[in-house]
Structures are given as structure tokens and as C-alpha cells.
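Under the working numbering, the first residue of the sequence shown is numbered 80, with each subsequent residue one higher.
For glycine and all other residues, C-beta sits at the position ideal for the given N, C-alpha and C.
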Amino acid sequence: MIDFDEEIKKFKPNLEVDEAEEAIYKSENAPDVADLINKLVNGAANEDLF
């Protein structure tokens, strides 16, 4: 049986993830998911697809 408490003690996060997370949080103009979806929807609505 797995001892989850022991496994959590051994856990070490990937450094690349930590570095990416830090870069994202420091960026002041990084759009969030809602901004990206709005841009996609508005872009598709502005194109004459039919």
C-alpha cells in the first residue's frame, strides 16, 4: 500500500515548472485564458466565414 504522506515528503517540483511559473507571474501583459478566448471569438465573429 502506498504511504501518501511519505511520498509527499519525497516530492520535489520540476525546476522548469518553477521557472515558467515565475516568468508568467512577473509578466505584466500576459493575457489570461478569458482574454485569449475573447480574442478568438471576436476574431471569428469579424471574419465572413460563410
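Start-to-end residues for the alpha helix (DSSP H) that takes in residue i
| i | result |
| --- | --- |
| Glu-107 | Run containing Glu-107: none; DSSP gives neither H nor E here. |
| Asp-84 | 83–89 |
Residue i (DSSP reduced to helix, strand or coil)
| i | result |
| --- | --- |
| Asp-97 | helix |
| Asp-111 | coil |
Cutoff 7 Å: residue i Cβ touching any chain D Cβ
| i | result |
| --- | --- |
| Glu-100 | Among the protein chains of the structure shown there is no chain D, as only one such chain exists. |
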